[in-house]
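Chemist:
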Amino acid sequence: MFQSKYLKTTMGELMFKTLKTIIAVAVSLSLFASSASANAIKKWATGEFSLSTLSEKERIKELKWFQDAAKPFKGMSIKVLSETIPTHEYESKTLTKAFEEITGIKVNHQLLGEGDVVMAVQTQMQTNVSIYDAYINDSDLIGTHARMQQAVNLTKWMAGEGKDVTLPTLDLDDFIGKQFTTGPDGDLYQMPDQQFANLYWFRKDWFDRPEIKKGFKAKYGYDLGVPLNWSAYEDIAKYFSEDVKNIDGVRIYGHMDYGKRAPDLGWRMTDAWLSMAGAGDVGKPNGIPVDEWGIRMEKGSCNPVGASVTRGGAANGPAAVYAIRKWDEWLRNYAPPGAAAMDFYQSLPSLSSGNVAQQIFWYTAFTASLVGKNPNNKVVDANGMPLWRMGPSPKGPYWEEGMKLGYQDAGSWTLFKSTPVKNRKAAWLYAQFVVSKTVDLKKSHVGLTIIRDSSIDHKSFTERAPALGGLVEFYRSNNRNIWSPTGVNVPDYPKLAQIWWQQIGDVNSGAFTPQQAMDRLAEEMDLVMSRMEAADKGSNAYGGCGPRLNKPREASYWLNKKGSPKAKRDEKPQGKTVPYARAWK
94 MFQSKYLKTT MGELMFKTLK TIIAVAVSLS LFASSASANA IKKWATGEFS
144 LSTLSEKERI KELKWFQDAA KPFKGMSIKV LSETIPTHEY ESKTLTKAFE
194 EITGIKVNHQ LLGEGDVVMA VQTQMQTNVS IYDAYINDSD LIGTHARMQQ
244 AVNLTKWMAG EGKDVTLPTL DLDDFIGKQF TTGPDGDLYQ MPDQQFANLY
294 WFRKDWFDRP EIKKGFKAKY GYDLGVPLNW SAYEDIAKYF SEDVKNIDGV
344 RIYGHMDYGK RAPDLGWRMT DAWLSMAGAG DVGKPNGIPV DEWGIRMEKG
394 SCNPVGASVT RGGAANGPAA VYAIRKWDEW LRNYAPPGAA AMDFYQSLPS
444 LSSGNVAQQI FWYTAFTASL VGKNPNNKVV DANGMPLWRM GPSPKGPYWE
494 EGMKLGYQDA GSWTLFKSTP VKNRKAAWLY AQFVVSKTVD LKKSHVGLTI
544 IRDSSIDHKS FTERAPALGG LVEFYRSNNR NIWSPTGVNV PDYPKLAQIW
594 WQQIGDVNSG AFTPQQAMDR LAEEMDLVMS RMEAADKGSN AYGGCGPRLN
644 KPREASYWLN KKGSPKAKRD EKPQGKTVPY ARAWK
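When you read off a place in the sequence shown, starting at 1, and then add 93, the result is the number in this note's numbering.
1. Can V402 and P640 be called in contact, C-beta distance under 9 angstroms?
2. Compare the beta carbon distance of A365 and G477 with 9 angstroms and say whether it is the shorter of the two.
3. For G347, I'd like the list of residues in its chain whose CB is within less than 7 angstroms of its CB, leaving aside the five on either flank, ordered along the chain.
4. Grab me the residues of G371's own chain with a C-beta within less than 8 angstroms of its C-beta, minus the 5 sequence neighbours each way, in chain order.
5. Tell me whether the stretch 577-596 and the stretch 351-362 touch, counting them as touching only if at least three CB pairs, one residue from each stretch, are closer than 8 angstroms.
6. Ends of the beta strand (DSSP E) at R482?
7. Please state if the CB of A503 and the CB of Q287 are separated by a distance shorter than 9 angstroms.
8. Would K552 be called buried (16 or more neighbouring beta carbons within 10 Å of its own) or exposed?
9. Do the CB positions of R517 and A213 come within less than 9 angstroms of each other?
10. Tell me the DSSP secondary structure of I381 in three-state form.
11. So within the stretch 483-532, which uninterrupted alpha helix (DSSP H) runs reach at least 4 residues, ignoring any that extend past its ends?
12. Run through DSSP, which three-state label would S123 get?
13. Tell me the rounded alpha-carbon separation between V222 and I453.
14. With C-beta atoms as the reference, is Y315 less than 9 angstroms away from G668?
15. Secondary structure at T579, three-state DSSP: helix, strand or coil?
16. Taking the alpha-carbon positions, what's the A676 to R557 distance?
17. Tell me which residues share the same chain as R425 and place their Cβ nearer than 8 angstroms to its Cβ, disregarding the 5 neighbours each side in the sequence.
18. By the DSSP assignment, the alpha helix (DSSP H) with V414 in it spans what residues?
19. Considering only residues of the stretch 317-399, which uninterrupted alpha helix (DSSP H) runs meet the minimum length of 4 residues and lie entirely inside it, listed in chain order?
20. Give every residue of the same chain whose Cβ lies closer than 8 angstroms to the Cβ of E566, excluding the five residues on either side of it in the sequence, and list them in chain order.
21. Short check: CB of M611 to CB of L589, under 9 angstroms?
22. Kindly give me the distance between the Cβ atoms of A519 and I171, rounded to whole angstroms, as I take these residues to be in contact under 8 angstroms.
23. State the start and end residues of the unbroken beta strand (DSSP E) segment that holds L652.
24. Let me check one thing: in DSSP terms, what residues is A227 bridge-paired to?
25. Whose C-beta lies closer than 6 angstroms to the C-beta of T507 among residues of the same chain, with five residues either side of it excluded?
26. Classify A244 as helix, strand or coil using the three-state DSSP reduction.
27. Go to D619, then tell me how far its alpha helix (DSSP H) extends in each direction, as first and last residue.
28. Alpha helix (DSSP H) containing Y586: first to last residue?
29. If you scan the stretch 146-210 from start to end, which runs of the beta strand (DSSP E) of 3 or more residues do you find wholly inside it?
30. Using a Cβ-Cβ cutoff of less than 6 angstroms, which residues in the same chain neighbour G276 once the five nearest sequence positions on both sides are dropped?
31. What separation, rounded to the nearest whole angstrom, lies between the Cα atoms of I388 and A408?
32. Over what stretch of residues does the beta strand (DSSP E) that includes P285 continue unbroken?
33. In the DSSP assignment, find the beta strand (DSSP E) that holds Q451 and state where it starts and stops.
34. Under 9 angstroms between the Cβ atoms of Y415 and E194?
35. Looking only at its chain, what residues have a beta carbon closer than 7 angstroms to the beta carbon of Y255, apart from the 5 residues adjacent to it on each side?
36. Please report the distance separating the alpha-carbon of E141 from that of Q608.
See the structure below:
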């Protein structure tokens, strides 16, 4: 009995000691984990993210919110997809690491070409099967997402199912491109992650040379400067290619572009080339009723009525045909040999080689590759400062005050209803993390794709402005408001975009004239939209906002009315330029 009592006492003490040990270990592990999490926040807040619009205390508080909100998802792995540009490379390599250390959520941020991203988005929409948990895809798809009822309405998400994972300090009004990701119903469907514009690029050092300025003035009767219209751009292209010819022993050219019959030739045109010529209507962020694709959608409606002039569209009108003709002429006459056979990616190194005087259609996403010391970069001085500048896009002869002028890409976070809610919430946390005020200023300096007013207005960009060739000046000016992405007139971007490169490529090959190619393009767009109309009427495929095509009428009926489509006019007015110092004013 004594032995039994002794054993019970001993076993009780042993169990008590074991329990204490377990509790102690658990407490220690909890404290360790808590300490590690706190250390991760401190590490990133005072390290990588020390360049921020927020104070250190505010950064720590914001990162702590992410950590707390992510607790139900700790240990999860999610997949997101974006195109391959420096901004997204930074997110994929650096920000995923920071996010995992702070939240415990592992993110596989994959990078593919833009066409592949659109294809993945289209596949998820068509199959209703979750391929990725979130996408950064162009806001060019805003018309698609707002109609097809498969993208998550972010306005409703943030107020409802996603409220518990929506950052209190997100500050949507600070985003400079929020209007680009807003649907016809006034709700937000995408959240901007990066933005870059399509601007005019030129060699300021060459434009400033006295002998070059004197020769241009003698030939054309006005000063060499930033071209305000396409006539001046053409004069400058011709002058450098045919008169100047050589600078410092290098054969130089007055223009650069590309023309290979490939998918990227499509976005070369849909990224507002027709609008630059003046094909659309007055309206911001896109023309109303006719946009830069030449698609007509009456004010207050969500139903496109046609792309052909005979239906009230402008895709094959005089302005559109002029735009394609000039693209083809300039490419053949003033660009370096071989440019017409290049695709977008093959053409990229051309400017840094130092033999091009100007380019009318240049994406600011590639600013970083043209600044700083680099033996392969021949457009900077010995200190790495740019010899070039970016300026406003020249206006075509059909352009009118109040129209959009150029294109602005807004790669934006998009969630789909087909993604499980838990994965969607975890992905939404990551999406907000990479655009948060804690992170955004540093990311903006890395990728130079500005999305927040607070970032571009920061003193660090004031200090860096001289080294960026006009980028800061552009994003701080009101001019940025007339550069915008594809808008809501385009009912199904993936289906309509693929038509463009095939038809335009036939101009470059010589198979069709610009007029023939644009007639074929407009007709095919109308055909595809007629199928959308049938699908919408039959199964509500576009939420009642699919096309409702106008019946064809004589082209003269529309061309004689005010606005777009516009009747043919003088396409070679007097060239006009402005000194660079006044270009952004």
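Every residue, glycine too, gets a C-beta built ideally from N, C-alpha and C.
Quantities reported herein were computed from a predicted structural model and do not represent experimental measurements.
Modeler: Let me lay it out:
1. Taking the sequence shown and counting its residues from 1, one reaches residue 402 at position 309. Taking the sequence shown and counting its residues from 1, one reaches residue 640 at position 547. Not closer than 9 angstroms, so no.
2. Within the sequence shown, numbered from 1, the residue matching residue 365 stands at position 272. Within the sequence shown, numbered from 1, the residue matching residue 477 stands at position 384. For A365 and G477, no; Cβs fall outside 9 angstroms.
3. Position 254 of the sequence shown, counted from the first residue, corresponds to residue 347. Result list for G347: I329, A330, K331, Y332, F333, S334, Y427, A450, Q451, in chain order.
4. Position 278 of the sequence shown, counting from 1, holds the residue named residue 371. Closer than 8 angstroms at the Cβ level, and outside the excluded window around G371, lie A412, K488, G489, P490, Y491, W492, E493, M496, K659.
5. yes
6. Taking the sequence shown and counting its residues from 1, one reaches residue 482 at position 389. Element bounds for R482: 482-484.
7. The sequence position of residue 287 within the sequence shown is 194, counting from 1. The sequence position of residue 503 within the sequence shown is 410, counting from 1. Contact flag set, yes.
8. Within the sequence shown, numbered from 1, the residue matching residue 552 stands at position 459. The residue is exposed, with fewer than 16 neighbouring Cβ atoms inside 10 Å.
9. Taking the sequence shown and counting its residues from 1, the one referred to as residue 517 is at position 424. Taking the sequence shown and counting its residues from 1, the one referred to as residue 213 is at position 120. Contact: no.
10. Your numbering for residue 381 matches position 288 in the sequence shown. Three-state DSSP puts I381 in coil, outside helix and strand.
11. 514-528
12. Here residue 123 refers to the residue found at position 30 of the sequence shown. Caution applies to S123, whose pLDDT of 46 falls short of 50 and renders its modelled position unreliable; the model cannot decide the point.
13. Mapped onto the sequence shown, residue 222 falls at position 129. Mapped onto the sequence shown, residue 453 falls at position 360. So the alpha carbons of these two residues sit roughly 41 angstroms apart.
14. Taking the sequence shown and counting its residues from 1, the one referred to as residue 315 is at position 222. Taking the sequence shown and counting its residues from 1, the one referred to as residue 668 is at position 575. For Y315 and G668, yes; Cβs fall inside 9 angstroms.
15. For this step, residue 579 is matched to residue 486 along the sequence shown. Under the three-state reduction of DSSP, T579 is assigned to coil, being neither helix nor strand.
16. By one-based count along the sequence shown, residue 676 stands at place 583. By one-based count along the sequence shown, residue 557 stands at place 464. Answer to the nearest angstrom: the Cα atoms are 19 angstroms apart.
17. As a first step, residue 425 must be located in the sequence shown, where it is residue number 332. Once the five neighbours on either side are set aside, the close Cβ partners of R425 are A433.
18. Numbered from its first residue, the sequence shown carries residue 414 at position 321. Note, V414: alpha helix (DSSP H), 411-427.
19. 323-331, 356-363, 366-370
20. Translated into the one-based positions of the sequence shown, residue 566 becomes position 473. The residues are A558, W677.
21. Walking along the sequence shown from the start, residue 611 turns up at place 518. Walking along the sequence shown from the start, residue 589 turns up at place 496. Going by C-beta atoms, M611 is not nearer than 9 angstroms to L589.
22. By 1-based counting over the sequence shown, the position of residue 519 is 426. By 1-based counting over the sequence shown, the position of residue 171 is 78. About 5 angstroms separates the two Cβ atoms, so the contact holds.
23. By one-based count along the sequence shown, residue 652 stands at place 559. No beta strand (DSSP E) holds L652; the alpha helix (DSSP H) holding it covers 648-652.
24. Within the sequence shown, the letter at position 134 stands for residue 227. Answer is V173, bridged to A227.
25. For the purposes of this step, residue 507 is taken as residue 414 along the sequence shown, with counting starting at 1. Contacts found: Y228, N230, A244, Q283.
26. On the sequence shown, residue 244 is found 151 positions in, with the first residue counted as 1. A244: strand per DSSP, three-state reduction.
27. Mapped onto the sequence shown, residue 619 falls at position 526. Where D619 is concerned, the enclosing alpha helix (DSSP H) stretches over 607-632.
28. Within the sequence shown, the letter at position 493 stands for residue 586. Following the DSSP letters along the chain, one finds Y586 inside the alpha helix (DSSP H) bounded by residues 586-601.
29. 170-176, 199-205
30. Here residue 276 is taken as the residue at index 183 of the sequence shown, counted from 1. Within the same chain, G276 has close Cβ partners A239, Y282.
31. Translated into positions along the sequence shown, residue 388 becomes position 295. Translated into positions along the sequence shown, residue 408 becomes position 315. Rounded to the nearest angstrom, the two C-alpha atoms are 7 angstroms apart.
32. Counting from one through the sequence shown, the residue named residue 285 turns up at place 192. Where P285 is concerned, the enclosing beta strand (DSSP E) stretches over 284-295.
33. Against the sequence shown, residue 451 aligns to sequence position 358. 451-456 is the extent of the beta strand (DSSP E) around Q451.
34. Here residue 415 refers to the residue found at position 322 of the sequence shown. Here residue 194 refers to the residue found at position 101 of the sequence shown. For Y415 and E194, no; Cβs fall outside 9 angstroms.
35. Here residue 255 refers to the residue found at position 162 when the sequence shown is read from its first residue. According to the sequence shown, residue 255 is Gly rather than Tyr. Taken in chain order, the residues that qualify are K518, W521.
36. Mapped onto the sequence shown, residue 141 falls at position 48. Mapped onto the sequence shown, residue 608 falls at position 515. Each residue's alpha carbon lies about 54 angstroms from the other.
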